[in-house]
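Q: For the first sequence, our numbering assigns the number 349 to the initial residue and increments by one for each residue that follows. Positions of the beta carbon are idealized from the N, C-alpha and C atoms, including for glycine.
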Amino acid sequence: MKDQLQMIYRILRKAYGPQHWWPAETPFEVMVGAILTQNTSWKNVEIAIRRLKERGILSPEGIRGLKKEELAGLIRSSGYFRIKADRLKSFVHFLHEEFDENLAKMRRIPLQRLRGMLLGIKGIGPETADSILLYGLRKPVFVVDAYARRILSRHGIIREKASYEALESLFMENLVHDEKLFNEYHALLVLVGKTLCRNVPKCDSCPLKNLPKIP
DNA sequence: GACCAGGCACATC
DNA sequence: GATGTGCATGGT
349 MKDQLQMIYR ILRKAYGPQH WWPAETPFEV MVGAILTQNT SWKNVEIAIR
399 RLKERGILSP EGIRGLKKEE LAGLIRSSGY FRIKADRLKS FVHFLHEEFD
449 ENLAKMRRIP LQRLRGMLLG IKGIGPETAD SILLYGLRKP VFVVDAYARR
499 ILSRHGIIRE KASYEALESL FMENLVHDEK LFNEYHALLV LVGKTLCRNV
549 PKCDSCPLKN LPKIP
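Put into structure tokens, the structure is as follows:
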């Protein structure tokens, strides 16, 4: 198991090189993106982020000062826009109440405690919380997503319906807790999941094709 | 015109 | 704990 997870990383890293995630200018932009990209393609999120930037309100204060309906209009392209407006609002409210919008202060909270706090916010589930922690705050947590699940189950390493926590533990118990490693590994899984693993015929050109058990 | 995309909350069994 | 449903846009 350990060997397999490490092998997958080495193969992908060699084939595709560093991915330099997350594509954003500031940690706060990462966090907004993490919420907006829930079950949504990144392309649609980019449009929404651009609109927020154009308005000059891509900041905790900026979002907080906006009416919910107005915010929803700006992030329309990212889908589920009414719900996501709520989620962004509750997130910036949390930043204000707990840390006075100070992300350095946020970063000083011990990892598991901070993760618990994030999960307490309505609209922040495990993947979004972990993305905020890893890509926004550079904390060593592994981000699990649909791609990680699909790739590992296709190769017979996990069962398709393994829980989020089980999948996360698998990575975290078998890899060194290195924020940079977790960052690159997740980004590489997304790259492969997106471009190759969506349909089985393309497995021929995948660098992982020689791993056991591709259907 | 389906089908999918870097989920989550909530109801129900 | 597992399973089903609503939420919504833009690209293929």
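Please work out which residues of its chain come closer than 8 Å, Cβ to Cβ, to Y428, disregarding the five sequence neighbours upstream and downstream, and give them in chain order.
A: Contacts found: Q386, N387, T388.
Q: Along the alpha helix (DSSP H) that carries K350, what are the first and last residues, could you check?
A: Start and end: 350-364.
Q: Can you tell me which of P458, Y495, I469 puts its alpha carbon nearest to the alpha carbon of K487?
A: Here the closest residue by C-alpha is P458.
Q: Let me check understanding here. Comparing Cα to Cα, which of E377, S501, S426 lies closest to S407?
A: The shortest Cα separation from S407 among E377, S501, S426 belongs to E377.
Q: Around the C-beta of A514, are 16 or more other C-beta atoms found within 10 angstroms, so that it is buried, or is it exposed?
A: Exposed.
Q: Considering only the alpha carbon of each residue, which of R502, E527, R412, I359 lies closest to D448?
A: Answer by Cα proximity: R412.
Q: Are S479 and A382 close, meaning C-beta to C-beta below 7 Å?
A: The answer is yes: Cβ separation under 7 Å.
Q: Let me know if M355 comes out buried or exposed under the rule of 16 or more other beta-carbons within 10 Å of its beta-carbon.
A: Classification of M355: exposed, given that the 10 Å Cβ count is below 16.
Q: Is the segment 387-403 close to the segment 362-370, with three or more CB pairs under 8 Å?
A: Segments in contact, no.
Q: Quick check on DSSP: helix, strand or coil for P474?
A: In the structure shown, P474 sits in a helix (DSSP, three-state: H, G or I).
Q: Along the chain, where does the alpha helix (DSSP H) containing Q390 start, and where does it finish?
A: Per the sequence shown, residue 390 should be read as Trp rather than Gln. 390-402 is the extent of the alpha helix (DSSP H) around W390.
Q: Here's a check: name, in chain order, each residue in its chain whose Cβ is nearer than 8 Å to the Cβ of L536, leaving out the five neighbours to either side.
A: Hits under 8 Å: Y357, L360, R361, Y364, Q367.
Q: Give the straight-line distance between the Cα atoms of C551 and G504, rounded to the nearest whole angstrom.
A: Each residue's alpha carbon lies about 15 Å from the other.
Q: I need the straight-line Cα distance from R502 to K453, nearest angstrom please.
A: Their Cα atoms are separated by approximately 41 Å.
Q: By Cβ distance below 6 Å, which residues in the same chain neighbour V491 in space, the five residues on each side in sequence not counted?
A: The residues are D478, S479, L482, H534.
Q: Evaluate T543 with the Cβ neighbour count: other Cβ atoms within 10 Å of its Cβ, from every protein chain shown; 16 or more gives buried, anything less gives exposed.
A: Label assigned to T543: exposed.
Q: Along the alpha helix (DSSP H) that carries D448, what are the first and last residues, could you check?
A: Here D448 belongs to no alpha helix (DSSP H), and DSSP marks it neither H nor E.
Q: Nearest by alpha-carbon distance to I423: which of N392, V540, C554, N450 is it?
A: Considering only alpha carbons, the answer is N392.
Q: Rounded to whole angstroms, what's the CA-CA distance from A420 to K432? Just pull it up for me.
A: Distance between the alpha carbons of A420 and K432: 7 Å.
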